[in-house]
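One structure below.
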Amino acid sequence: MLRITDARTGEPVDAAPARRGLTRVVAHVTGHDTTALRVLLLADVLVRALELGGTPVWALLGGERRQPDLRATAAALGIRPFEDGGDTGAGLGAAQVIHVVGDSDAGLPGRGPGAGSGSRAEGGSGSVTAAGSDTERVADGRRASGGAHAADPEGAADRAPAFDTARSADTAPASSSAGAASHALAGVHFAVAPVASVAPVAPVRSAGPADAGMPGGADPAVVRLALLSRPRSEPVPLDADALRDAEDTLVRWRRAVAGWAREPSRAIPEEVRGELRAAWEDDLDVLGVLRVLRRVETSDLAAGARFETYAYADRLLGLELTRDVGSPA
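Quick note, the sequence shown lines up with residues 695 to 1023 if you use my numbering.
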C-alpha cells in the first residue's frame, strides 16, 4: 500500500482508500517554469504508482486554466495530459483527494518558517495536479495509454516552448497566493521542493525536435531523469553537471536494456520486485527505485530478468528505457 507524508501534519497516510475507491490527484501550479514542471512531474509519477497498485485515479490540473506552454513542455517530458480541475474539493465519488503542491511557496501549516528548500529557487512553485488516466498498458516495450492519457495528436511535444527562467521565488506573488489558498483544500497535501538552478535554455525552433526549449538543449528524458534523481523534499539542481550525469545514466541503461532484450526473457525475481514496490510505496521514494536499478545493472541476474526488471520499473519512471530495443547494435 502506497503511503505518503501529509505536508500539513508530517504524518504518513494511505494514498489510496482501503477499498480501492477513486483517488483524485490535483496538481496545483501557476506559471511556466521548471519548478512548476517538477511539481507536475511528481504528480504524474504519483498517479503511475497508484495505478500500478490497482487504484483508480482521476488526475486534475489546478491553478491557472488553459496553460498551453506548460502542457506542451510537460508532453515533451512524457507527462501524461492533465484535465482542468474546476472544483478541486472533495466529491464526485472520490474517496481520497491528494493535492500536489510546491513546498517553498505553499507555506504549508505545521512545517515552520524556512521549511522545504530554505534557499532561493529558480521559479515560484505553485500547486500542480495530474489528469485522470486509464490503467497503463505496456506493449512491445513502449507505453500505450488509453482515455485521457492518450498521446497528444497535435504533436505538442515537438513544439515545447522554453522554460521561464526569469522568475524567482521573490517575483511570483501569484504562485504564493495559490499556495496559500491550498491551505483550505481538504485532503492530503503532497509537497515538492523547488528547482534550485537551471542550465541555459536552448532556443525554441518552430519546427524543431522535441528537445527544443529544454535546459541545456537536453533530451527531454534526460531532464525527466535529472528531476527524479533527488528526493522530492530537496531542491534539485538542473545545471550542466546534473544533466550530464542523467544523460550518461540514461544512455548506458538504454544500451544495456537493448542488449538484454536479445536474450531469453526471465521472470523478475520476487525479491527484486518487492524492493522496487517497497521503494515507491514508501513516500514515493523514486531515488530508492533508481538505487535498485543500479544494483540490478551490475548483478549476476540473467539478462532476461534484468530486462524485465527495467521494463517493469519504467512503468513508474516513464524514461522509455526500452526505446532502443530492436535497433542495430
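No residue lacks a Cβ here, since even glycine has one placed at the ideal position from N, Cα and C.
As the structure is a prediction and not an experimental result, all values here were calculated from the model.
- For Val-983, same chain residues with a beta-carbon under 8 Å away, outside a window of 5 residues either side, are Leu-970, Ala-973, Trp-974, Ala-1007, Leu-1010, Leu-1011 in chain order.
- Under the DSSP assignment, Val-892 falls outside any alpha helix (DSSP H), being part of the beta strand (DSSP E) whose first and last residues are 889–892.
- DSSP places Ala-885 inside the beta strand (DSSP E), whose first and last residues are 882–886.
- Counted as a single uninterrupted DSSP element, the stretch harbouring Ala-789 is not any alpha helix (DSSP H), since DSSP gives it neither H nor E.
- Spatial neighbours of Val-990 in its own chain (CB-CB distance under 6 Å, excluding positions within 5 residues in sequence) are listed in chain order as Arg-1000, Thr-1003.
- Distance from the CA of Thr-1016 to the CA of Ser-993, rounded to the nearest whole angstrom, comes to 19 Å.
- In this structure Ala-737 is in contact with Ala-753, their Cβ atoms being roughly 7 Å apart against a cut-off of 8 Å.
- Burial is judged here by how many other beta carbons sit within 10 angstroms of a residue's own beta carbon; Glu-965 has fewer than 16 and is exposed.
- The DSSP-derived three-state label of Glu-965 is helix.
- The residue among Asp-708, Val-795, Glu-1014, His-883 with its C-alpha nearest the C-alpha of Arg-949 is Glu-1014.
- Contact check for Arg-732 and Val-886: beta-carbon distance about 6 Å, within the 8 Å limit, so the pair qualifies.
- Here Ser-891 is buried. Its C-beta has 16 or more other C-beta atoms within 10 Å.
- With 16 or more other Cβ atoms inside 10 Å of its own Cβ, Met-908 counts as buried.
- If you look at Val-719, you'll find it in the beta strand (DSSP E) that goes 717–723.
- Val-889 and Gln-761 have their C-alpha atoms spaced approximately 20 Å apart.
- Listed as beta-bridge partners of Trp-752 by DSSP are Arg-718.
- Among the bridge pairs identified by DSSP, Ile-698 is matched with Val-707.
- Look at the beta carbons and you see the segment 766–779 not touching the segment 700–713: under three pairs across the two are nearer than 8 Å.
- Leu-734 and Ala-920 have their C-alpha atoms some 14 Å from each other.
- Taking Thr-943 as the centre and dropping the five residues before and after it, the same chain places the C-beta of Leu-919 closer than 7 Å to its C-beta, in chain order.
- DSSP, reduced to helix, strand and coil, places Asp-738 within a helical segment of the structure shown.
- Apart from the 5 residues on each side of it in sequence, Gly-715 sits with its Cβ closer than 6 Å to the Cβ of Ala-789 in its chain, given in chain order.
- Going by DSSP, Pro-762 is part of the alpha helix (DSSP H) stretching over 762–770.
- The beta-carbon distance between Pro-929 and Ala-770, rounded to whole angstroms, is 23 Å. This is too long to meet the 8 Å contact definition.
- Looking from the CA of Arg-926, the closest CA among Ala-710, Ala-730, Pro-894 belongs to Ala-730.
- Membership of Val-1019 in any alpha helix (DSSP H) is not indicated, and neither H nor E is assigned to it by DSSP.
- Leaving aside the five residues that flank Asp-1018 on each side, the residues in its chain whose CB is nearer than 6 Å to its CB run, in chain order, Arg-948, Ala-952.
- Straight-line measurement puts the Cα of Asp-797 at about 16 Å from the Cα of Pro-931.
- If you draw a straight line from the Cα of Ala-880 to the Cα of His-793, it is about 9 Å long.
- Annotated three-state conformation of Glu-957 is coil, per DSSP.
- Residue burial annotation: Ala-712 is exposed, with fewer than 16 other C-beta atoms found within 10 angstroms of its C-beta.
- The alpha-carbon of Met-695 is positioned some 24 Å away from that of His-722.
- Here the alpha carbons of Ala-996 and Ala-961 stand approximately 9 Å from one another.
- In the structure shown, Leu-932 falls within a strand segment according to DSSP collapsed to helix, strand and coil.
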